[in-house]
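Take the sequence shown: its letters are residues 344 to 819, numbered as in my numbering.
By construction, the Cβ of each residue, glycine as well, lies at the ideal position given by its N, Cα and C atoms.
Working notes, structure below.
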Amino acid sequence: MIKILMVASEAAPFAKSGGLGDVVGSLPGALRENECDVAVLLPRYKGVGLSSMRRVYDLLPVWIAGIFYQCSLYLAETSAPFYFLECPQLYGRDGYYGDAAGDYPDNAIRFAVLSRAALAVARRVFRPDIVHCHDWQTGLVPAYLNTVFANDPTYIGTKTLFTIHNLGYQGLFPKSALPAIGLDRRVFHMNGLEFFGKVSCIKAGIVYSDGISTVSRRYAVEIQTEEYGFGLDGVLRERGSKLYGIPNGVDYGNWNPETDPYIAAHYSVDDLAGKAACKRDLVREFGLPQAAMKRPLAGVVSRLTPQKGTELIIEIIPELISQDVSLVLLGSGDAEYETPLREASQAFPEHIAVRFGYDEAVAHKIEAGADMYLMPSQYEPCGLNQVYSLRYGTVPVVRATGGLDDTIEEGTGFKFREYSARSLVAAIRAASAAYQDKDAWKAMMRRGMRKDFSWRVSAAEYAGLYRKLLTARGAA
Ligand code: ADP
Ligand code: GLC
């Protein structure tokens, strides 16, 4: 048995703002079948209910730069033990990372404390062989292990894996944050965590971890190029021999049209009948006219950010109308995108319907009720919605980048290469033309529904990587 302590800022169903939550929520359970003993550490945000949890540790000693952070631990035993770090002054807020005013100003401390607490958990509660860190919020774990705790006998032989879910979020802070996060100025250099004059938490994870992974094979290659490297491609190329691409798996327990509790009717690859009822329900839910039942209906569930190609979706709305395609969109994020989307829905209520905010039930209804799913991302480390769409017989129309390129093929969806409205329009035109041939369309839906992206294969790959990191034990 390999013992893994995962540290992250999100895990479904407790806290989720995107795919990171899906992955950290479902990977631990899948690893159990691969001779891994996994525990997870997360912050206890205000919205994480404690009623079904046990308080298992009082006064976990977390000291940084002479300040004592009063932390305790709660435990939820679900698919694995999920430990929650309670520190109300840091995490007892509505947002995970920020509020309407922007990122919380103390994020460096909030996630430094999470990272230091992980090492306290590793010492006192769950002794891991590997600490598996996810994204910039936990990038300081390998940095602490290699500096502050480099000579601490507790951690001798403890290895770290740092998984990059999104290189676009880096955890950058002014140099003046260094003392408060308990790191010496000696780490502030090009081969340490300095990044253009700032402290970079993601770079800390990349530079100090024993292994690095990212969430698709294609993205592992892309991030080593200038186009997708966000300024870190050089560092990633240097560490290229330790960089692995392991695609995300999908939890078909949560995303399955045969059992999904959120959708109007169940259906399967052998019996698609229920899908029409789901479309009717979605059309009603979004207040589109009955006529929408006859047209192709495109769906989007997304964080509204530049990454997701939101601007392209806005740009092509007139073209959707002229092709007689309807659109339902559920989005959360940048307010600047909301206004044009809302205006479009007011100008074209027969075709365009939008909703803003985070809504799990509506996300499932869109996956089930739409005919096609749009994902014109600028970049996409893996992407989960296109894979959910496949299972729901909702044909993906995607830009061929990162995980989108790896998971969608001719025959299961429509791909375009150039990041432009023109290329997206051409792909939608091809999809709506295909939609007119009902039998061919159904065959395409079925091919997608038969694809298997369950965790089985990817969890085994993670287990293999953990083993590899451990056999490198003691090596220089
Ligand atoms: P990312 O992590 O970059 O946002 P993914 O495709 O990996 O993209 O995962 C997004 C996850 O977040 C999916 O489970 C999706 O359904 C969910 N999601 C995104 N936006 C919303 C929203 N507004 N409401 C509900 N779920 C959402
Ligand atoms: C990130 C990426 C997304 C990926 C998810 C889970 O948020 O944007 O592509 O699927 O993490 O790894």
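For Val644, verify whether its CB is less than 6 Å away from any heavy atom of the ligand ADP.
Numbered from 1 along the sequence shown, position 301 holds the residue referred to as residue 644. The answer is yes for Val644.
How far does the beta strand (DSSP E) with Leu374 in it reach, from first residue to last?
For the purposes of this step, residue 374 is taken as the residue at position 31 of the sequence shown. Here Leu374 belongs to no beta strand (DSSP E); instead the alpha helix (DSSP H) covers Gly362 to Arg375.
Could you give the DSSP three-state label for Cys476: helix, strand or coil?
For the purposes of this step, residue 476 is identified with residue 133 of the sequence shown, where counting begins at 1. Residue state, collapsed to three classes: strand.
Should Ala355 go down as buried or exposed, given a rule of 16 or more other Cβ atoms within 10 Å for buried?
The sequence position of residue 355 within the sequence shown is 12, counting from 1. Result: buried.
Within the continuous alpha helix (DSSP H) that includes Tyr722, where are the two ends?
What you label residue 722 is simply residue 379 of the sequence shown in a count that begins at 1. From DSSP, Tyr722 is part of no alpha helix (DSSP H); its letter is neither H nor E.
Own chain residues within Cβ distance below 6 Å of Gly754, not counting five before or after
Counting from one through the sequence shown, the residue named residue 754 turns up at place 411. Only Arg790 meet the Cβ criterion.
When DSSP labels each residue in this structure, what does Ile660 get in the three-state scheme?
Against the sequence shown, residue 660 aligns to sequence position 317. In this structure, Ile660 counts as helix in the three-state DSSP scheme.
Count the other C-beta atoms from every protein chain shown that fall within 10 angstroms of the C-beta of Arg528, then say buried if there are 16 or more, exposed otherwise.
Numbered from its first residue, the sequence shown carries residue 528 at position 185. Exposed is the call here.
When you measure from the CB of Cys725 to every non-hydrogen atom of the ligand GLC, does any distance come out below 6 Å?
On the sequence shown, residue 725 is found 382 positions in, with the first residue counted as 1. Yes, the ligand GLC has a heavy atom inside 6 Å of this Cβ.
Among Asp401, Tyr439, Ala451 and Asn494, whose alpha-carbon lies nearest the alpha-carbon of Val464?
The count along the sequence shown starts at 1 and reaches residue 464 at position 121. The candidate whose alpha carbon is nearest that of Val464 is Asp401.
What are the boundary residues of the beta strand (DSSP E) that includes Trp798?
For this step, residue 798 is matched to residue 455 along the sequence shown. From DSSP, Trp798 is part of no beta strand (DSSP E) but of the alpha helix (DSSP H) over Trp798 to Thr814.
Who are Trp406's beta bridge partners in DSSP?
As a position in the sequence shown, residue 406 is number 63, starting the count at 1. Answer by DSSP bridge pairing, in chain order: Phe411.
Going by alpha carbons, who is nearest to Thr750 out of Ser763, Asn728 and Ile771?
Along the sequence shown, one-based indexing puts residue 750 at 407. The shortest C-alpha separation from Thr750 is found at Asn728.
Unbroken stretches of the beta strand (DSSP E), 3 residues or longer, contained in the segment 580-658
586-588 and 640-647
Tell me the DSSP secondary structure of Val391 in three-state form.
Counted from its first residue, the sequence shown places residue 391 at position 48. Of the three classes helix, strand and coil, the one that applies to Val391 here is coil, per DSSP.
Quick one: does Ala696 have its CB under 7 Å from some CB of chain B?
The structure shown contains no chain B; it is built from a single protein chain.
Taking all protein chains shown into account, decide if Lys781 is buried (16 or more other Cβ within 10 angstroms of its Cβ) or exposed.
Residue numbering aside, residue 781 sits at position 438 when the sequence shown is read from its first letter. Exposed.
Taking 6 Å as the cut-off, does the CB of Asn534 come closer than this to any heavy atom belonging to the ligand GLC?
Looking up residue 534 in the sequence shown gives position 191. With a cutoff of 6 Å, Asn534 does not count as near the ligand GLC, since its C-beta is closer than that to no heavy atom of the ligand.
For the ligand GLC, I want to know if His477 counts as a neighbour, meaning its beta carbon is within less than 6 Å of at least one of the ligand's heavy atoms.
Mapped onto the sequence shown, residue 477 falls at position 134. Incorrect: His477 has no Cβ contact closer than 6 Å to the ligand GLC.
Check Arg765 in the structure and name its three-state DSSP category.
Numbered from 1 along the sequence shown, position 422 holds the residue referred to as residue 765. Of the three classes helix, strand and coil, the one that applies to Arg765 here is helix, per DSSP.
Residue burial classification, Gly652 (beta-carbon count within 10 angstroms, cutoff 16):
Residue numbering aside, residue 652 sits at position 309 when the sequence shown is read from its first letter. Result: buried.
Determine the direct distance from the alpha carbon of Val405 to that of Phe629, and round the result to whole angstroms.
Along the sequence shown, read from residue 1 onward, the residue named residue 629 stands at position 286. Along the sequence shown, read from residue 1 onward, the residue named residue 405 stands at position 62. If you draw a straight line from the Cα of Phe629 to the Cα of Val405, it comes to about 48 Å.
Cβ distance (whole Å) where Tyr778 is taken to contact Asp714 below 8 Å
In the sequence shown, the residue the question calls residue 778 occupies position 435. In the sequence shown, the residue the question calls residue 714 occupies position 371. Contact check for Tyr778 and Asp714: beta-carbon distance about 6 Å, within the 8 Å limit, so the pair qualifies.
Apart from the five residues on each side of it in sequence, which residues of its chain come closer than 7 Å, Cβ to Cβ, to Leu521?
Along the sequence shown, one-based indexing puts residue 521 at 178. In its chain, beyond the 5 residues on either side, Arg528, Phe531 and Val542 have a beta carbon closer than 7 Å to the beta carbon of Leu521.
For Ser287, which residues of its own chain have a beta-carbon under 6 Å away from its beta-carbon, when the five flanking residues on both sides are left out?
Outside the shown range of the chain (344 to 819) lies residue 287, about which nothing can therefore be said.
Tell me the residue span of the alpha helix (DSSP H) that contains Leu488.
As a working note, residue 488 is residue 145 in the sequence shown. Per DSSP, Leu488 belongs to the alpha helix (DSSP H) from Leu483 to Asn489.
Can you tell me whether DSSP reads Lys708 as helix, strand or coil?
In the sequence shown, the residue the question calls residue 708 occupies position 365. Residue state, collapsed to three classes: helix.
For Leu672 versus Val705, is the C-beta spacing smaller than 7 Å?
Residue mapping note: residue 672 aligns to position 329 of the sequence shown, counting from 1. Residue mapping note: residue 705 aligns to position 362 of the sequence shown, counting from 1. In this structure, Val705 does not lie closer than 7 Å to Leu672 by Cβ.
Does the Cβ-Cβ distance between Val382 and Phe505 come in under 7 Å?
Within the sequence shown, numbered from 1, the residue matching residue 382 stands at position 39. Within the sequence shown, numbered from 1, the residue matching residue 505 stands at position 162. The displayed chain sequence assigns Ala, not Val, to residue 382. No, the Cβ-Cβ distance between Ala382 and Phe505 is not below 7 Å.
When you compare only the Cα positions, how much space is there between Ala460 and Phe454?
Position 117 of the sequence shown, counted from the first residue, corresponds to residue 460. Position 111 of the sequence shown, counted from the first residue, corresponds to residue 454. So the two alpha carbons sit approximately 10 Å from each other.
Locate the beta strand (DSSP E) running through Tyr426, then write down its first and last residues.
Counted from its first residue, the sequence shown places residue 426 at position 83. Pro424 to Glu429 is the span of the beta strand (DSSP E), which, as asked, contains Tyr426.
Residues of its chain near Val399, where Cβ-Cβ distance is below 8 Å and the 5 sequence neighbours each way are ignored:
By one-based count along the sequence shown, residue 399 stands at place 56. Same-chain partners within the cutoff: Leu416, Tyr417, Leu418, Tyr426 and Val468.
The beta strand (DSSP E) that contains Arg698, what's its start and end?
Mapped onto the sequence shown, residue 698 falls at position 355. Ile695 to Phe699 is the extent of the beta strand (DSSP E) around Arg698.
Kindly examine the ligand ADP and report whether one of its heavy atoms sits closer than 6 Å to the Cβ of Gly745.
The residue you call residue 745 lines up with position 402 of the sequence shown. For Gly745, the distance from the CB to the nearest heavy atom of the ligand ADP is not below 6 Å.
Within 10 angstroms of the Cβ of Ile410, are there 16 or more other Cβ atoms? Answer buried if so, exposed if not.
The count along the sequence shown starts at 1 and reaches residue 410 at position 67. Ile410 is exposed by the Cβ-count criterion.
Three or more beta-carbon pairs under 8 Å between the segment 596-605 and the segment 692-710, yes or no?
yes
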